[in-house]
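**Q** In this text, residue positions in the sequence shown follow the working numbering: the first is -5, and each later residue adds one. This is the structure I have questions about; it appears just below.
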Amino acid sequence: MRYLCRAMGNQYTKEVEAGTYLPLMEAFYTIQGEGFHKGAASYFIRVGGCDVGCHWCDVKESWDAEKHPPTSIDHIVEEAKKYSDTVVVTGGEPLMWNMSPLTSMLKERQMKIHIETSGAYPLSGEWDWICLSPKKTSCPKTKSTP
Ligand code: SF4
C-alpha cells in the first residue's frame, strides 16, 4: 500500500495511507446483480487500484490508482447515505487500502457494509458481508489488519 501511495504522487498521499481519502473510480446506486444479496438495492463504491492482473478482468480501467482522484471518505459516506442503507465496496481491489476509517464512518451511520474482494491483501475494516473471489494469480491472505 505504501508503494502505491507514493506512486500516486499527490498532496493526499498521507491521507490515502491513513484511509481517510481513497482513490474513487465511481460510485452509483443500483441493484446488486449477483451473489447472496442479488436483487438488493445498494450503493456501490468502486475504489481504484488493483495489481492482481486477472486477464479476464472486465474493469481494467480500475487498475491504475493514479487515474482515480483521492476522495475524502466524509464525502463518499455523505453521498452514500443519500441513496441507500447498504453499501457495496468493490474495485479494483479495495483491500489495497486501509478500509477501517471508511467502514467505521459508515457504521456510525448504521449502514450495512459489504465488500467484494479477491482476498489478495489482508483484511481491514468491519464488514457485514464479505464476498471473496480468490484469483489464481494471487492467493488470499489470512491475516487481518486493525
Ligand atoms: S482482482 Fe478483480 S479488479 Fe483486480 S484484476 Fe482481478 S478481476 Fe480485475
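For each residue, glycine too, the CB sits at the ideal point set by N, CA and C.
#1: Name all residues in chain order for which at least one heavy atom of the ligand SF4 lies closer than 6 Å to the residue's CB.
#2: Identify, in the order they occur along the chain, each residue of the same chain with its Cβ nearer than 6 Å to the Cβ of G119, setting aside the five sequence neighbours on each side.
#3: How is the beta strand (DSSP E) around S36 delimited, first residue to last?
#4: Distance check for I70 and E87, CA to CA, integer angstroms please.
#5: Going straight from the alpha carbon of I124 to that of L89, what length do you get?
#6: On the three-state DSSP scale, how would you describe H62?
#7: Taking just the CA atoms, how far does K106 sit from K32?
#8: Does L18 pass the burial test, meaning 16 or more other C-beta atoms within 10 Å, or should it be called exposed?
**A** Checking against the coordinates, here is how it stands:
#1: Listed by chain position, these are C44, V46, G47, C48, C51, V53, S56, G85, G86, E87, S112 and K129.
#2: Cβ neighbours of G119 beyond the five flanking positions: M93, S94 and T97.
#3: In this chain, the beta strand (DSSP E) harbouring S36 covers A35 to V41.
#4: Distance between the alpha carbons of E87 and I70 is about 17 Å.
#5: The straight-line gap separating the alpha-carbon atoms of I124 and L89 is approximately 12 Å.
#6: Residue state, collapsed to three classes: coil.
#7: Distance between K32 and K106, taken at the CA atoms: about 15 Å.
#8: It is buried - the Cβ of L18 has at least 16 other Cβ atoms within 10 Å.
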